[in-house]
Amino acid sequence: MKSKRESPRIEERAGRPPSDRLLEMLYYMRLQRAIEDRGVKLYYQGRIPGAYFTGWGHEAIAAGATASLGPDDLVAPMHRDLAAYLMRGITVGEVFAQFLDREGGPTRGRDGNIHMGDPQRGILPFISHMAASVPVAAGMALACRQRGESRVVLTFFGDGATSTGAWHEGVNFAAVFRLPVVLVLENNQYAFSTPLDRQTAAQAFVDKAVGYGIPGVAVDGNDVLAVHEAAAAAVARARDGAGPTLIECRTLRVRGHSEADKFSYVPKALLEEWAARDPIAAFEERLRAWGVLGAEIDETMQVRTAQEVEDGLAWAEASPEPDPAAVADGVYAEE
Amino acid sequence: MKSKRESPRIEERAGRPPSDRLLEMLYYMRLQRAIEDRGVKLYYQGRIPGAYFTGWGHEAIAAGATASLGPDDLVAPMHRDLAAYLMRGITVGEVFAQFLDREGGPTRGRDGNIHMGDPQRGILPFISHMAASVPVAAGMALACRQRGESRVVLTFFGDGATSTGAWHEGVNFAAVFRLPVVLVLENNQYAFSTPLDRQTAAQAFVDKAVGYGIPGVAVDGNDVLAVHEAAAAAVARARDGAGPTLIECRTLRVRGHSEADKFSYVPKALLEEWAARDPIAAFEERLRAWGVLGAEIDETMQVRTAQEVEDGLAWAEASPEPDPAAVADGVYAEE
Amino acid sequence: MAQLTYLEAIREGLRGEMRRDPRVFVLGEDIGVYGGAFKITEGFLDEFGPWRVIDAPLAETANVGAGIGAAVMGMRPVVEMQFADFVTDAFTQVVNMAAKYHWRTRMPLPLVLRMPYGGDVKGGPFHSQCMEAWFAHTPGLKVVAPAFAEDAKGLLVAAIRDPNPVMYFEHKHLYRFRREEVPEGDYATPIGRARLVREGTALSVISYGWMLHKCLEAAGLAAADGIAPEVLDLRTLAPLDRDAILGSVRKTGKALIVHEASRTGGIGGEIAALIAEEAFESLDGPVVRLASEDSPVPHNTGLEAAFQPTVAEIADAMRRLAAY
Amino acid sequence: MAQLTYLEAIREGLRGEMRRDPRVFVLGEDIGVYGGAFKITEGFLDEFGPWRVIDAPLAETANVGAGIGAAVMGMRPVVEMQFADFVTDAFTQVVNMAAKYHWRTRMPLPLVLRMPYGGDVKGGPFHSQCMEAWFAHTPGLKVVAPAFAEDAKGLLVAAIRDPNPVMYFEHKHLYRFRREEVPEGDYATPIGRARLVREGTALSVISYGWMLHKCLEAAGLAAADGIAPEVLDLRTLAPLDRDAILGSVRKTGKALIVHEASRTGGIGGEIAALIAEEAFESLDGPVVRLASEDSPVPHNTGLEAAFQPTVAEIADAMRRLAAY
Ligand SMILES: Cc1ncc(C[n+]2csc(CCOP(=O)(O)OP(=O)(O)O)c2C)c(N)n1
Ligand SMILES: Cc1ncc(C[n+]2csc(CCOP(=O)(O)OP(=O)(O)O)c2C)c(N)n1
Ligand SMILES: [Mg+2]
Ligand SMILES: [Mg+2]
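Line by line, the protein sequences are chains A, B, C and D.
Last residue of the first sequence: 341 in this note's numbering, with the numbers rising by one and none dropped.
Last residue of the second sequence: 341 in this note's numbering, with the numbers rising by one and none dropped.
Last residue of the third sequence: 325 in this note's numbering, with the numbers rising by one and none dropped.
Last residue of the fourth sequence: 325 in this note's numbering, with the numbers rising by one and none dropped.
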């Protein structure tokens, strides 16, 4: 799909984010990858109950967009955005506890895999019904607007999700009330096995923006700085009261939909093309070229990441199984 | 709202539809108006149970679009399109029987007012849930496509209906499969009391077309020939297998949402502006100027219309009330 | 005590909560400038302004979803369905997003959905439905359905103050049914408690909403024949007031359940099952249900009259059961 | 007779109808190239081509609506929900457009919705739900839920040939549960008829789907204690086989109803109410229901085991009721 407006390549860019922000993004991209790689191992060891999804290759979208938020902002992520959860305060231990269905996970074993969140940390837990978070994200932004708070809600969804009525109604509601919502489309070219031409006949998803009277921008979803720049602009715009922006981030889902999916329906050539464009490797290369990622910093970060994963997993394994006697508890809040 | 492409005014147009087609359109516009005027009287006499809706001022949209269909084509109209029902074979008697909740109405007293249709005559009965007919219309077109029939499905919906998920999913489905569907938006500037700026932040509804990868055209909804020309082109396109077209027809709802609505929320000036642009009067004037509507033809048509209304109402009044003993019948089809 | 209609009582309860608590706001189609299809929120826009009285797009999933999002942020939204029938366009938000929210997060979700429901308004199959049973079968939701103006106000106040999503079923036929005594000021009717409307010994009549009034009328007819029916107004459908239901049936030994929703799969089944399991030893007769036909709601007046239980049918059922 | 799994039986029934009748087609997400999330339609795309095996957008309202439209035109669509849970995104189309269509038009609407439902697949709250009761309370819909491979094939064939919308609930846990004898070729299992799976005298055990198998296992345990439970597989939930239910209970005098759906508002209530009203005089004990907790379906294995009725609990209930 041809993009409406490719964001300028980094070299052409005047300024760039400060080094600590650059390293923060890299750190969370690496952390997502490290957790998910460990998760895949656990999955094949049969230790993760149910389906297991990864955001392999999507790390630049989650990290680049989330890095544009301020401390009081809110997120409504989906199932490929682990970095977003981590950057907003979900711990590595909680993530593994969620994977392992333990009491220590955000849903305490009630829901599985990445179906988690924590409203107290400003993270809306998504439900399986695709795009159901979009109108809810609009409502979170509505509350901010009603109370005169200058907070922004960042929400993520897939290419398949754009076909749902929930997505349409939620985006339209946010647009009509000019709510502070940033709409990040993770166009990874597939919805499970379904290719783009079964989701839309449009030239590009970003073309949908005009129908809602909001700006739309398409960026390379494997270029974390392109994502970050677009998101930062959209966040600023939302905070100024100018309403939502649609950001189409283009990537490819380079693994199966879930680990149970052998994804033979994805052309080999396409996989190779995108495998060669790994967002983490590309970012590392760039940061080295800029002298931001020296050998020592790199080394320290890798050690820390590996340590966090092992400590987190240990924490999760130490977390108890939920008490079956409590199965019926918590359906209702007590007055 | 500024339109993307105003259709050329009639004077500039090379050819124009044959006189019999012109007179047919006028006849059905007048018939819709005559039936609805009579209906309003009945309503204020307390003889129409429940809510009563008219398409007063919308006649050009229903008649102009429906006149573009061939004998085997299909329609999925809504609640302002009486002419569409009439042109596809619903009799005046059936219409009044429906208004009066009699056995002779298409729903035999089961449903009220214009909630009617007849699949055997290619008219999908709409349900109250706005835009719910749009995905169904797409499915009707799908069946034609599956069987290699070159039939077209014409569907109507309001500006408010475009905000629903059903509308989005239905339009998208039709676009993805390039189905022979013609999408007629009756933009009458209100959804009940809700103005356009609460339905969309887009410059124009027609801007939504690009997001579905289909052509969109905006026309003056009070100019029956402009509507007809756009619909005829869209029908031809659909029949050629080129897929759906969105036609935004602009008008104003010059009466209340239903007869119970005093519509004080509509600015007087706006009402006067559009009252002066009555689609029937404008078309009559034009046809007289062209010498198509001579005094004699006019006279005959008016007499016929009045007669049809009186005969139809008499037929309806002679139709029995549904038998209460049959209340539970017909919920299921028998094998 | 003021003399108010059921509709005025709803308005008073809603306005009172909006005055008391700045977190409370209303959102829905045509509720602001127009004051709502049934004029419940008439005058609210002027008093509370456009950010607390929100005229929304024609989009139930967006409107309910927005309400959920605002509730997540600690607001107390009251979202109006123009007719309860249209909630099917927001079903995922109600039964999956809202209903399961506290169970997944242990955080409150104070959302009220106002559901104008029921028949006798010549609304036909898409403006008359009674779908309370769908929601009573959805863990995480509370469901209330007042029959009297006093409870219409008190239960709406309670629903707004409740930390859970509450489906508030307001019966359209009762809006302007009559004037009743309604306490002034600030009170809440507890959710989950039935009301004993008429004491009796011969049988327990269990109902709610419009049918409750038909039951009272029928009880008057039965009383004329020397039968003393006890009439219980459930008021809340989820959670059911098990003690009140079982207590009454254990006393009278007989149960007649009446509702307007179609018979099969309605709330009546749950109530009858509760009685047949927990009060079996006290039963002196079959548990009888009277409900509407298993069909959509017809538009025609004569058909709709035949569709619903009538006062005469209810009175007959009382006599038959009493004589059993 | 072939030895097939429940999943293979569904596939065979579907393929057989598609070969027999060119009007039959399948539509859903990932059903073509991928062969369906559960591989039910594996190989169908090659055999029947892209206009009869339609890979659809992620849009349940569009997909169900398109099925309805095709059925209006005389086709016989089978629309797959990837998981039954997602039908909430198509609720208006199912309960308002499809269910009320024949009643309004007197024309057939031959639509089948394939609903992979139920738990024990580590699916959690959004991939395990049992919502059959919502549809059994919707006049105009038929609801079937086979427990055996033979009926899985026969009921799907019957559903496809039925002129009404049929909700076909296929239990995910049973897909690869075991191999069973399945008749070859073309047969239909009549909709609306229960199957007496085990004859007995002590009590009537009424169930369907996965729980039916737990009931049979429990009946074996009870039999070891000299109790002879009769086990009835409902197979169809709407319309219920009243004669089979009442006939069995009139014989045994006791009824135990077991289902996987949450207890409150489930189909069990309707069945208990039917018994308490029509078989009251034959009842020698309370009508007992066993069902899942009134909560969403938990993901954790231990929690889910505690959530559902267990074989031991069912056997205990049999013993208690037999001893009553
Ligand atoms: C309403 C709904 N229908 C079907 C599904 C089953 N399902 C789960 S993920 C998925 C594909 C999602 O694709 P996309 O939105 O592009 O996100 P991606 O997984 O590609 O990141 C589907 C069909 C669902 N979760 N929700
Ligand atoms: C899903 C849904 N929500 C609410 C309603 C109530 N309602 C009936 S007509 C209407 C306005 C429709 O506006 P529009 O689509 O513009 O059509 P118009 O009446 O203006 O021709 C509303 C809100 C409905 N019918 N369906
Ligand atoms: Mg995708
Ligand atoms: Mg309108």
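In this text, a Cβ means the ideal position worked out from N, Cα and C, and glycines have one as well.
It should be emphasised that the depicted structure is a prediction, and the values quoted were computed from it without experimental measurement.
Practice problem: Would you give the residue range spanned by the beta strand (DSSP E) that C:Ser-293 belongs to? | Solution: 289 to 293
Practice problem: Under 7 Å between beta-carbons, which chain D residues line up against A:His-64? List them in chain order, please. | Solution: Going along chain D, no residue has its Cβ under 7 Å from A:His-64, so there is no contact; the nearest lies around 18 Å.
Exercise. Can you check DSSP and say which residues form a bridge with A:Ala-344?
Key: The structure shown does not extend to residue 344 of chain A, since chain A is modelled only from 7 to 341, so the question has no answer here.
Quiz item: Okay, do the region 258 to 265 of chain D and the region 209 to 229 of chain D touch, 3+ Cβ pairs below 8 Å being the bar?
Solution: yes
Quiz item: Leaving out five residues before and five after C:Asp-152 in sequence, what residues of the same chain have Cβ atoms less than 6 Å from its Cβ?
Solution: Thr-190 and Arg-236
Self-check item: Three-state class that DSSP yields for A:Gly-222 in the structure shown
Solution: strand
Quiz item: From this set, C:Gly-124, C:Gly-227, C:Ala-306 and C:Pro-78, which residue's C-alpha is nearest C:Ser-293's C-alpha?
Solution: C:Ala-306
Exercise. Consult DSSP for D:Met-98 and reduce its assignment to one of helix, strand or coil.
Key: helix
Self-check item: Any residue whose CB is nearer than 7 Å to a heavy atom belonging to ligand 3, listed in chain order
Solution: A:Gly-164, A:Asp-165, A:Gly-166, A:Glu-192, A:Asn-193, A:Asn-194, A:Gln-195, A:Tyr-196, A:Ala-197 and A:Arg-259
Practice problem: Could you check the C-alpha separation between C:Arg-162 and C:Val-183 for me, to the nearest Å? | Solution: 19 Å
Quiz item: Within 8 Å (strictly less), CB to CB, does A:Thr-113 reach chain C?
Solution: yes
Practice problem: Determine, using beta-carbon pairs with one atom in the region 117 to 125 of chain B and one in the region 177 to 197 of chain B, whether at least three such pairs fall under 8 Å. | Solution: no
Quiz prompt | Residue-chain proximity (C:Ala-134, chain B), Cβ-Cβ < 8 Å | solution = no
Quiz item: Taking the C-alpha atoms as reference points, what is the distance between D:Arg-21 and D:Ala-160?
Solution: 15 Å
Quiz item: First and last residue of the beta strand (DSSP E) that includes C:Tyr-169?
Solution: 167 to 172
Quiz item: Quick one: is the Cβ of D:Ser-129 within less than 7 Å of any heavy atom of ligand 1?
Solution: no
Quiz item: When you check each C-beta in the region 21 to 35 of chain C against every C-beta of chain B, which residues fall closer than 8 Å?
Solution: Glu-30, Asp-31, Val-34 and Tyr-35
Quiz prompt | chain A within 8 Å of B:Lys-8, Cβ atoms only | solution = At B:Lys-8, the pLDDT of 38 sits below 50, so the modelled position is not reliable; the number obtained from the coordinates is stated separately. No, because no Cβ of chain A sits closer than 8 Å to the Cβ of B:Lys-8.
Quiz item: Taking Cβ-Cβ distances below 9 Å as the criterion, which residues of the region 300 to 317 of chain D are in contact with chain A?
Solution: His-300, Asn-301, Thr-302, Gly-303, Leu-304, Glu-305, Ala-306, Ala-307 and Phe-308
Exercise. Take D:Val-25 as the anchor and find which of D:Gly-68, D:Tyr-188 and D:Ala-38 has the nearest alpha-carbon.
Key: D:Gly-68
Self-check item: Proximal chain B residues relative to C:Glu-278, where beta-carbon distance stays under 8 Å
Solution: Near C:Glu-278 there are no residues of chain B at all, since even the closest Cβ is about 30 Å away, more than 8 Å.
Quiz prompt | Buried or exposed (CB count within 10 angstroms, at least 16 for buried), A:Arg-108 | solution = buried
Self-check item: A:Ala-138 versus B:Arg-256: straight-line alpha-carbon distance, rounded
Solution: 32 Å
Quiz prompt | Proximity test, Cβ basis, 8 Å: C:Gly-68 and chain B | solution = no
Quiz prompt | Under 8 Å between C-beta atoms of D:Leu-110 and D:Asn-165 | solution = yes
Exercise. Let me know the secondary structure DSSP gives B:Arg-19 once reduced to three states.
Key: With a pLDDT of only 46 at B:Arg-19, under 50, the local geometry of the prediction cannot be trusted, and the value read off the model is given with reservation. In this structure, B:Arg-19 counts as coil in the three-state DSSP scheme.
Practice problem: Assign A:Ala-69 to one of two classes, buried (16 or more other C-beta atoms within 10 Å of its C-beta) or exposed (fewer than that). | Solution: buried
Practice problem: Output the boundary residues of the alpha helix (DSSP H) element that contains C:Glu-279. | Solution: 268 to 279
Exercise. Output yes if chain C places a C-beta closer than 8 Å to the C-beta of D:Val-73; else output no.
Key: no
Exercise. Verify the CB distance criterion: does A:Ala-210 have a CB-CB separation below 8 Å to chain D?
Key: no
Quiz item: Given 8 Å as the limit, is there contact between the region 97 to 115 of chain D and the region 135 to 145 of chain C, that is, 3 or more CB pairs closer than that?
Solution: no
Exercise. Pull up the CB-CB distance for A:Gly-171 and D:Thr-62, whole angstroms please, since I reckon it's below 8 Å.
Key: 5 Å
Quiz item: Does any heavy atom of ligand 2 sit closer than 7 Å to the C-beta of B:Ser-134?
Solution: yes
Exercise. Within 10 angstroms of the Cβ of A:Pro-250, are there 16 or more other Cβ atoms? Answer buried if so, exposed if not.
Key: buried
Quiz item: Can you tell which of D:Ile-315, D:Pro-297 and D:Asp-317 has its C-alpha closest to the C-alpha of C:Tyr-102?
Solution: D:Pro-297
Self-check item: Spatial distance of D:Pro-58 from B:Tyr-218 (CA atoms)
Solution: 13 Å
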